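In the working numbering, the protein residues as written are 3 to 223.
In what follows, a single structure is set out as structure tokens and then discussed.
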Amino acid sequence: MKFKDYALLISINAVIAGLIISFVVSNQGKSNQLSVTSEATKKPEAPQTDSMDDHHKPKPSNSSVFDGLTGKQAPDFTLESYDGKKYTLKSLKGKNVILFFNEGLMCYPACWNQIAAFGSDTQFNQKNTVVLNINVDNKNDWKDALSKMPELAKATVLFDSDRAVSTAYGVMTLPSSMHRGQFPGHTYVIVDKDGIVRFARDDSQMAVRNKELLAEVDRLL
């Protein structure tokens, strides 16, 4: 092969190599541009939300109001009982008063048992002590409860249907409440003869506490 033929072949190969390099560089640029465009147009991921289990968890407890009751004047109130009688706290001065804030009808059997135990225990009356059971139910809904557990009729049950009294005493958001912000749980407050709160206890165990409460009353005598 002549020298001119070699030179021509080398020139052709150089042109082909240049075209290949240009093609590769061009495609790489397009690929980078596509990647940038893809990142720019990518839809943002939706933020993670709580699971359904989280929605059913009770609200965090808050006992700040409740913890500040002891040693202070008890918030006054006027509430109506099942039989239509009205009870005002200030009218009970001269007596010790036990307030049992509870979940009411839906808290069976724990709250029902404690209310019934209060109604049948004559020791409180002997110690010049009145027991008022306070729930946020509608009074008319208690008819069936009294037919199922007649012992409840012996107790004084008051209806705080607008939750104003329960809120004033800070019992709507305590640990014993299974529906915080909506219902009280299982909470006791003892008010002395002068209207001062002397004892406050939230009972997550939801037991019948007559014995312990009588002991607290004895300290006030």
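Using N, Cα and C, we set each Cβ at its ideal position, and we do this for glycine too.
On a predicted model such as this, the values are computed, not experimentally measured, just so you know.
With distance defined between alpha-carbon atoms, name the residue in Gly86, Thr72, Asp123 nearest to lysine 213.
On the sequence shown, residue 213 is found 211 positions in, with the first residue counted as 1. Checking every option, the nearest Cα to that of lysine 213 belongs to Asp123.
Less than 9 Å separating the beta-carbons of valine 159 and phenylalanine 103?
Position 157 of the sequence shown holds residue 159. Position 101 of the sequence shown holds residue 103. Contact flag unset, no.
Use the C-beta contact count for glutamine 128: other C-beta atoms within 10 angstroms, 16 or more gives buried, fewer gives exposed.
Taking the sequence shown and counting its residues from 1, one reaches residue 128 at position 126. It counts as exposed.
Considering only residues of the same chain and omitting the five flanking positions on each side of glutamate 82, which have a CB-CB separation below 8 Å?
For the purposes of this step, residue 82 is taken as residue 80 along the sequence shown, with counting starting at 1. Same-chain partners within the cutoff: Lys88, Tyr89, Lys141, Leu160, Phe161.
Between glycine 121 and the rest of its own chain, which residues show a CB-CB distance below 7 Å, the 5 nearest in sequence each way excluded?
Counting from one through the sequence shown, the residue named residue 121 turns up at place 119. These residues qualify, in order along the chain: Glu153, Leu154, Lys156, Ala157.
Tell me, which residues are paired with histidine 188 by DSSP?
For the purposes of this step, residue 188 is identified with residue 186 of the sequence shown, where counting begins at 1. BP columns for histidine 188 point to Asn104.
Report the CB separation of lysine 195 from asparagine 64 in whole angstroms; it is logged as a contact under 8 Å.
The residue labelled residue 195 in the question sits at position 193 within the sequence shown. The residue labelled residue 64 in the question sits at position 62 within the sequence shown. Not confirmed; about 30 Å, so no contact.
For the pair the segment 188 to 204 and the segment 73 to 80, tell me if three or more CB-CB distances fall below 8 Å.
yes
Coarse secondary structure for serine 122, derived from DSSP in three states:
Mapped onto the sequence shown, residue 122 falls at position 120. Serine 122 falls in the helix class under three-state DSSP.
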